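Asks: I have a structure I would like to understand better, so I am pasting it below and will then ask my questions one at a time.
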Amino acid sequence: MSSFPVSSDWKSGCPDNLRLEDENWMRRAIQLAKNGQGRVEPNPMVGAVVVQQNEVVGLGWHEKFGGHHAEINALNQAGGNAKGSTLYVTLEPCCHHGKTPPCVESIIRAGVSEVVFAMEDPNPLVAGKGLQKLQEQGIKVSKSQLEKDARFLNAPFIKSFTVGKPFVIAKWAMTLDGKIATYTGESKWISNPGPENRS
Ligand SMILES: [Zn+2]
């Protein structure tokens, strides 16, 4: 596994590919994050896995708005086994006091050796500072290749946080030349029959 030297900028990406098993653990963390869907908003969905010598010792996700962050739930489950472990977390651990104390402090206190994250926190209060704090404590910090998956998971959160606008998905039926009605504005049926019309 690669790690960022203290002087490096993780924004430039990971210098070497992480091992396949690292990405598998991150995939697991992304799956866990989805358990919070519909319960954590407007917070992001976050998942975390604590691995000690290739074995899972803690699983966690952000379960509900105002509740513990994913890392804390996973570290609590791991208990003493978190010492010397690798923590996989879908979002950069926070370093600010929000509704809960900063996660980086708990990670440091638990004795975690490595942190693999999938995306930086778009919150300007964190945005790279959480990672820096971990590195300053001698914890290896690596970026997963699954950033795209992690961003997709929280696309509405990222959009509202960075642009201040809602995330909208629009879907319509259109003709091959890209029209949704005639030039007179008259609507014409151009999609398939609705389910009630199907024989
Ligand atoms: Zn946190």
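Residue 529 in my numbering sits at position 91 of the sequence shown, with consecutive numbering throughout. Ideal Cβ positions, reconstructed from N, Cα and C, are used throughout, including at glycine. Everything numeric in this text was worked out from a predicted model, so none of it was measured.
Please look up how many angstroms separate the CB atoms of residue 560 and residue 528, rounded, as I've assumed it's under 8 Å.
Replies: No, residue 560 and residue 528 are not in contact; Cβ-Cβ is about 13 Å, not under 8 Å.
Asks: So the beta strand (DSSP E) residue 529 belongs to, where does it begin and stop?
Replies: 524-529
Asks: Answer yes or no: do residue 520 and residue 556 have a C-beta to C-beta separation smaller than 8 Å?
Replies: no
Asks: Fully enclosed by the stretch 551-619, which alpha helix (DSSP H) runs are 4 residues long or longer?
Replies: 567-574, 585-591, 593-600
Asks: Are residue 496 and residue 512 close, meaning C-beta to C-beta below 8 Å?
Replies: yes
Asks: Any C-beta of chain B sitting closer than 8 Å to the C-beta of residue 577?
Replies: Absent from the structure is chain B; it holds one protein chain and no more.
Asks: Let me confirm a value: residue 612 is counted as buried when at least 16 other C-beta atoms fall within 10 Å, else exposed. Which label applies?
Replies: Per the 10 Å Cβ criterion, exposed.
Asks: Please state the DSSP three-state secondary structure of residue 627.
Replies: coil
Asks: Could you tell me the distance, in whole angstroms, from the CA atom of residue 510 to the CA atom of residue 606?
Replies: Going from the Cα of residue 510 to the Cα of residue 606 covers about 32 Å.
Asks: Evaluate residue 625 with the Cβ neighbour count: other Cβ atoms within 10 Å of its Cβ, from every protein chain shown; 16 or more gives buried, anything less gives exposed.
Replies: exposed
Asks: Reducing DSSP to helix, strand and coil, say where residue 504 ends up.
Replies: Reduced to three states, the DSSP call for residue 504 is coil.
Asks: Could you tell me the distance, in whole angstroms, from the CA atom of residue 587 to the CA atom of residue 498?
Replies: If I take the Cα positions, the gap works out to 18 Å.
Asks: Could you check what DSSP says for residue 542 in three-state terms: helix, strand or coil?
Replies: helix
Asks: Using CA atoms only, rank isn't needed, just tell me which of 478, 610, 581 is closest to residue 594.
Replies: 478
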